[in-house]
Amino acid sequence: MLRLTDVVKHLLIINVLVFFAMQIFPVLYDYLPMASPWSDSFMPMQIVTHMFAHANFTHIFLNMFGLYMFGPILESRMGPKRFLAYYLITGLGAGVIYILSFMVQFYLRFGDQWTMALPHIPTVLGASGAIFGLLVAFGMLFPNMRVMLLFPPIPMKAKYMVILFAVIEIVSGVGNLQPGVANFAHLGGAITGAILILFWRKRL
Numbered sequence: 001m002l003r004l005t006d007v008v009k010h011l012l013i014i015n016v017l018v019f020f021a022m023q024i025f026p027v028l029y030d031y032l033p034m035a036s037p038w039s040d041s042f043m044p045m046q047i048v049t050h051m052f053a054h055a056n057f058t059h060i061f062l063n064m065f066g067l068y069m070f071g072p073i074l075e076s077r078m079g080p081k082r083f084l085a086y087y088l089i090t091g092l093g094a095g096v097i098y099i100l101s102f103m104v105q106f107y108l109r110f111g112d113q114w115t116m117a118l119p120h121i122p123t124v125l126g127a128s129g130a131i132f133g134l135l136v137a138f139g140m141l142f143p144n145m146r147v148m149l150l151f152p153p154i155p156m157k158a159k160y161m162v163i164l165f166a167v168i169e170i171v172s173g174v175g176n177l178q179p180g181v182a183n184f185a186h187l188g189g190a191i192t193g194a195i196l197i198l199f200w201r202k203r204l
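Below you can see the structure in the form of structure tokens.
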């Protein structure tokens, strides 16, 4: 069993508590996910709160499983403060690139009228962007370590796992193969994470 590090433990607790709070008080789904910045429903706090809100049990289970699997070794390597900063920054980067992806889609679809669609960018929620950031960090810092995939359950070197997931997200996002899944948010977390690791590499 993996030893939980302090930041990972607290992130797990916060995510689970927020999830149960949202099940008990469904009105929180109107406030915690991040709405379009051009929407009347947008609140600045959502830039952070959306990372701790999840749609259903499967959503939070997969994200927290990823945090549990990859978080402790990365926190031990980075240190608590840098790990927490990395987690939050990749989550923020995921949200930014998610919004940018819709801006591009709207421009390509509506041309000069694209700005009129901005209030209708779908809300986004979940820690997936930050988790994809962790996957990238793991693949870059421990490229040859073997990991067991969940689906399918086969062993694979970390660097190949990252490439596989990146290809899946790109194909799914461009082809709109997973409606309701924020593939570009996942990619946003991965891209932000890769930039941070390259920037921090000599200090890790």
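Under the numbering used here, think of the first position of the sequence shown as 1, with each following residue one higher. Every residue gets a Cβ at the ideal spot worked out from N, C-alpha and C, and that includes glycine.
8 Å Cβ cutoff met for residue i and residue j
i: isoleucine 170; j: leucine 149; result: no
i: phenylalanine 70; j: phenylalanine 138; result: yes
i: proline 26; j: glutamine 46; result: no
i: leucine 135; j: valine 174; result: no
i: leucine 11; j: alanine 21; result: no
Option in the options with minimal Cα separation from residue i
i: glycine 95; options: Met116, Met78, Gly79, Thr49; result: Thr49
i: phenylalanine 106; options: Ala117, Ile73, Phe165; result: Ala117
i: arginine 201; options: Phe110, Pro153, Arg82, Ala185; result: Arg82
i: lysine 159; options: Gly189, Met140, Thr123; result: Met140
i: glycine 133; options: Phe142, Ala55, Thr90; result: Thr90
i: arginine 3; options: Thr123, Leu74, Phe19, Phe199; result: Leu74
i: threonine 115; options: Pro122, Met156, Val104; result: Val104
i: valine 7; options: Leu92, Ile24, Val181, Leu84; result: Leu84
i: proline 152; options: Phe142, Pro143, Asn144, Leu164; result: Leu164
Alpha-carbon spacing of residue i relative to residue j, whole angstroms
i: leucine 62; j: methionine 51; result: 14 Å
i: isoleucine 131; j: asparagine 183; result: 13 Å
i: proline 119; j: valine 16; result: 30 Å
i: serine 39; j: arginine 146; result: 44 Å
i: arginine 77; j: isoleucine 197; result: 12 Å
Any 3 or more C-beta pairs closer than 8 Å across the region 60-77 and the region 108-128: yes
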